[in-house]
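Read left to right, the sequence shown gives residues 1 to 198 (UniProt numbering).
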Amino acid sequence: MIINRKQSILEAAKQSFALFGYKGTTMDHVATAAKVGKGTIYTFFKNKEELLHAVIEEVVQEMSQLLQKTVDPNRSFFDNLHHTLIQILDYRRNHPLLQRLFLEARELGGATIQLAVELIEQHNLQFIQSHIERAIEKGELKPCPPEITAFVMIKLYVALSFEWEKKHPPLAKEELAELFRLYLAEGLAPSAPPGQAT
């Protein structure tokens with residue numbers, strides 16, 4: 001019964017944060033949506049910040065399970081990476097809570113909301129970083145700093161997926177994969193400098 005109440009509070013908080021944002025959500029909203037008294041919330045969570053943190057931990061767990069299922073050992077590193085990054089961006093784009101949190105972080109800021117966004121981004125970075133480290137060990141990637149490389153890969157995907165769309169038609173997933181392969185797997189330099197035999 002206690003676990004059910006706690007879970008219903010977390011679900012109600014997810015809905016409230018998605019609907020009203022962090023700043024606009026009150027414990028009264030959450031209590032009403034969870035069908036519990038406001039005092040019940042405080043038996044599980046000290047304050048709204050702690051409640052948001054618990055919600056983010058659940059979201060990160062959901063993402064982690066989704067990303068683990070995305071990786072296929074029969075695919076190449078770059079194919080897995082493409083599928084993983086697409087999952088991350090689709091999840092972010094289609095999850096009402098994440099849409100609201102990222103928008104609120106960008107437009108209103110605030111330490112609590114920034115920390116929540118950073119926790120999500122850090123999880124994604126660490127997931128990609130761990131796969132880069134394994135790819136380096138297997139010889140699928142040249143030795144490189146895994147954390148910086150993961151950061152660059154994520155930022156490139158975000159730029160091509162979100163920033164590009166602001167002034168251009170959106171890129172199809174296949175176009176994203178090709179551009180990603182061009183920029184990161186093949187590189188932009190010709191295979192032999194001009195004037196030299198290949």
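We treat Cβ as the ideally placed atom computed from N, Cα and C, and that holds for glycine.
Original post:
Cα separation between K14 and P145?
Top reply: Position 14 of the sequence shown, counting from 1, holds the residue named residue 14. Position 145 of the sequence shown, counting from 1, holds the residue named residue 145. One C-alpha to the other measures close to 36 Å.
Subject >> Cut-off 7 Å between Cβ atoms - residues of its own chain near S16, not counting five sequence neighbours on either side >> reply: Position 16 of the sequence shown, counted from the first residue, corresponds to residue 16. For S16, where only same-chain residues beyond five positions count, the Cβ hits under 7 Å are T25, H29, V30 and A33.
Subject >> Distance between beta carbons of Q129 and A159, contact taken as under 8 Å >> reply: Within the sequence shown, numbered from 1, the residue matching residue 159 stands at position 159. Within the sequence shown, numbered from 1, the residue matching residue 129 stands at position 129. Contact flag wrong, Cβ pair sits at about 19 Å.
Original post:
Out of curiosity, what's the CA-to-CA distance linking E147 and E175?
Top reply: Here the question's residue 147 lines up with position 147 in the sequence shown. Here the question's residue 175 lines up with position 175 in the sequence shown. Their Cα atoms are separated by approximately 25 Å.
Original post:
Any idea if S76 is buried or exposed, counting beta-carbon neighbours within 10 angstroms, 16 or more meaning buried?
Top reply: Indexing the sequence shown from 1 puts residue 76 at position 76. Classification of S76: exposed, given that the 10 Å Cβ count is below 16.
Original post:
F78: which of W164, L182, K166 and P169 sits nearest, CA to CA?
Top reply: One-based indexing of the sequence shown puts residue 78 at position 78. Nearest of W164, L182, K166 and P169 to F78, Cα basis: L182.
**OP:** Report yes if the C-beta distance between I86 and K173 is below 7 Å; otherwise report no.
**Re:** Taking the first residue of the sequence shown as position 1, residue 86 is located at position 86. Taking the first residue of the sequence shown as position 1, residue 173 is located at position 173. Against a cut-off of 7 Å, the Cβ pair of K173 and I86 comes out as a contact.
Original post:
Looking at A116 and L52, is the spacing between their C-beta atoms short of 7 Å?
Top reply: By one-based count along the sequence shown, residue 52 stands at place 52. By one-based count along the sequence shown, residue 116 stands at place 116. Their beta carbons are under 7 Å apart, which means L52 touches A116 by this criterion.
**OP:** If I'm right that G109 touches K23 with Cβ under 8 Å, what's the distance once you round it to whole angstroms?
**Re:** Here the question's residue 109 lines up with position 109 in the sequence shown. Here the question's residue 23 lines up with position 23 in the sequence shown. With 8 Å as the limit, G109 and K23 do not qualify as a contact, their Cβ atoms being about 10 Å apart.
**OP:** Return the CA-CA distance between A177 and Q114, expressed in angstroms with no decimal places.
**Re:** As a working note, residue 177 is residue 177 in the sequence shown. As a working note, residue 114 is residue 114 in the sequence shown. A177 and Q114: Cα-Cα distance of roughly 30 Å.
**OP:** Indicate whether R100 and A18 have their beta-carbon atoms separated by less than 7 Å.
**Re:** Residue mapping note: residue 100 aligns to position 100 of the sequence shown, counting from 1. Residue mapping note: residue 18 aligns to position 18 of the sequence shown, counting from 1. Contact: yes.
**OP:** Assign E118 to one of three DSSP states: helix, strand, or coil.
**Re:** The count along the sequence shown starts at 1 and reaches residue 118 at position 118. Helix at E118.
Subject >> Closest Cα partner of L119 within the set I56, E137, K38 and L184 >> reply: Counting from one through the sequence shown, the residue named residue 119 turns up at place 119. Checked all of I56, E137, K38 and L184; the closest Cα to L119 is I56.
Subject >> Contact set for D72: own chain, Cβ-Cβ below 7 Å, skip 5 residues either direction >> reply: Position 72 of the sequence shown, counting from 1, holds the residue named residue 72. Hits under 7 Å: N80.
Original post:
So, helix, strand or coil for E62, using DSSP?
Top reply: For this step, residue 62 is matched to residue 62 along the sequence shown. Reduced to three states, the DSSP call for E62 is helix.
Original post:
Would the beta-carbon of I41 fall within 7 Å of that of M27?
Top reply: What you label residue 41 is simply residue 41 of the sequence shown in a count that begins at 1. What you label residue 27 is simply residue 27 of the sequence shown in a count that begins at 1. Closer than 7 Å, so yes.
**OP:** Identify which residue in A189, A185 and F162 has its Cα closest to the Cα of N94.
**Re:** Along the sequence shown, read from residue 1 onward, the residue named residue 94 stands at position 94. The candidate whose alpha carbon is nearest that of N94 is F162.
Original post:
From G187 to G139, what distance separates their C-alpha atoms?
Top reply: Along the sequence shown, one-based indexing puts residue 187 at 187. Along the sequence shown, one-based indexing puts residue 139 at 139. The straight-line gap from Cα to Cα measures roughly 17 Å.
Subject >> Rounded Cβ spacing between L98 and R92 (contact assumed at less than 8 Å) >> reply: For the purposes of this step, residue 98 is taken as residue 98 along the sequence shown, with counting starting at 1. For the purposes of this step, residue 92 is taken as residue 92 along the sequence shown, with counting starting at 1. With 8 Å as the limit, L98 and R92 qualify as a contact, their Cβ atoms being about 5 Å apart.
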